[in-house]
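Just below is one structure, and these are the notes that go with it.
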Amino acid sequence: MDARELAYFVAVAEELNFSRAAERLGIAQPPLSRAVKQLERRLGVVLLERTSRRVTLTAAGQVLLEEGRRALDGLAAAARRAQRAGRQDPRLVLVAKAVGDGGMMPDILAAYEREPDAIPVEVLFCGFGEHAALLRGGFADVGLLHGRPDLTGLDSEDLLVESQIAVLPARHRLAGKEAVTLADLEGEVLPRWAGLPQGGGPEVRDAGQLMQLIVMGRTIAVLPESARAYLGGDVVCVPVLDAPPITMMIAWPEQSRSPALAAFVRAATDVAARRGERWEPGRLPADLETVRNP
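In terms of the working numbering, the sequence shown opens at residue 741 and continues consecutively.
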């Protein structure tokens, strides 16, 4: 399949209008129509039903739209990774939240520096829920994630399991409690993480914004225990006894074979092992083990 034809088809399938798709692509409508027809001939299926009033997707067109988006995203990601790998000063890009490293990042970076395959690390801080997209899109090589995000196209390894705490304004009704339960938090305004439907409170994109809203009394938050180390004196942290444990993991694009990436994963799992977690020092996931022991 020709990538240009695929990109043209995706634009039409998303717009369901040839004129708007042509305008979006910055081309005239006739070559766009010819490209889509050529794609249909190439595949031997009808992708779009066209009438004088509207354009609709066939079952084949719906499948190609979903798969085509992923294919085009994959091509763009491959280009970004190749460009970064070809730099004269290659770097490993690590993506993390400002308070989402479980307190382990300094130890991981120090352990990684001692690895023979280590290269300089560039840390990219992102908003809530953006890690996986940055990894899939080729903007980052490895990430530290909390919870269970969509890991499509990624490999991962659990590092740390943490209890959760309620982060409250200093004058909150529960601020003097030694511990609370989820029932105690019923009716509280919880933040709505950007891009996610949960939570009815203000939309939050990063840790700094969240802390400011908590101090102002506009919301509270339930966060991993390790977030305590990053919080100022204007908020109070109270253990939530019945909140489910939350897992911090390391993730990277699947089927990666980079020695520098393998070294970073090894350093992270070694640090987790030294903290009493269940990993054996030096053990790597199977797909990266071949890099260390070809």
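Every residue gets a Cβ at the ideal spot worked out from N, C-alpha and C, and that includes glycine.
| request: Please report how far the alpha carbon of V901 lies from the alpha carbon of T987, in whole angstroms. | output: Position 161 of the sequence shown, counted from the start, is the residue given in the question as residue 901. Position 247 of the sequence shown, counted from the start, is the residue given in the question as residue 987. Computed Cα separation, rounded: 4 Å.
| Skipping 5 residues on each side, what residues in its chain have a beta carbon closer than 8 Å to that of L812? | The count along the sequence shown starts at 1 and reaches residue 812 at position 72. Excluding positions up to five away in sequence, the list reads A743, L746, A747, V750.
| query | Within 10 angstroms of its Cβ, does L963 collect 16 or more other Cβ (buried), or is it exposed? | reply | As a position in the sequence shown, residue 963 is number 223, starting the count at 1. With 16 or more other Cβ atoms within 10 Å, it is buried.
| query | Of the residues L953, F865, A880, which one's Cα is nearest the Cα of A838? | reply | Translated into the one-based positions of the sequence shown, residue 838 becomes position 98. The residue with the shortest Cα to Cα distance from A838 is F865.
| query | Hey, would you say A836 sits closer than 8 Å to L884, going by beta carbons? | reply | Position 96 of the sequence shown, counted from the first residue, corresponds to residue 836. Position 144 of the sequence shown, counted from the first residue, corresponds to residue 884. Yes, Cβ-Cβ distance for A836 and L884 is below 8 Å.
| request: Would you kindly report the start and end of the unbroken alpha helix (DSSP H) that includes Q802? | output: Counted from its first residue, the sequence shown places residue 802 at position 62. 799–825 is the span of the alpha helix (DSSP H), which, as asked, contains Q802.
| In its own chain, which residues sit with a C-beta less than 8 Å from the C-beta of G887, not counting the 5 before and 5 after it? | Reading the sequence shown from its first residue, position 147 is the one you call residue 887. Cβ neighbours of G887 beyond the five flanking positions: I986, T987.
| request: Could you please give me the residues that DSSP links to P909 through a beta bridge? | output: As a first step, residue 909 is located in the sequence shown; it is residue number 169 there, counting from the start. Under DSSP, P909 shares a beta bridge with V975.
| said: Given a cut-off of 8 Å on the beta-carbon distance, is the pair A1000 and I859 in contact? | reply: Taking the sequence shown and counting its residues from 1, one reaches residue 1000 at position 260. Taking the sequence shown and counting its residues from 1, one reaches residue 859 at position 119. Contact: yes.
| query | Bridge partners of S896, per DSSP? | reply | As a working mapping, residue 896 is identified with position 156 in the sequence shown. Paired residues: A991.
| query | Is it the case that the Cβ atoms of R1006 and E855 are separated by a distance below 8 Å? | reply | Translated into the one-based positions of the sequence shown, residue 1006 becomes position 266. Translated into the one-based positions of the sequence shown, residue 855 becomes position 115. Cβ atoms of R1006 and E855: closer than 8 Å.
| message | DSSP three-state label for E853, please. | response | Reading the sequence shown from its first residue, position 113 is the one you call residue 853. In this structure, E853 counts as helix in the three-state DSSP scheme.
| said: Quick check: the region 949–959 against the region 843–850, are at least 3 beta-carbon pairs closer than 8 Å? | reply: no
| task | State yes or no: is the C-beta of L875 within less than 8 Å of the C-beta of P993? | result | What you label residue 875 is simply residue 135 of the sequence shown in a count that begins at 1. What you label residue 993 is simply residue 253 of the sequence shown in a count that begins at 1. A contact, by the Cβ cut-off of 8 Å.
| Three or more beta-carbon pairs under 8 Å between the region 971–986 and the region 821–834, yes or no? | By the Cβ test, the region 971–986 is not in contact with the region 821–834, since fewer than three Cβ pairs between them sit closer than 8 Å.
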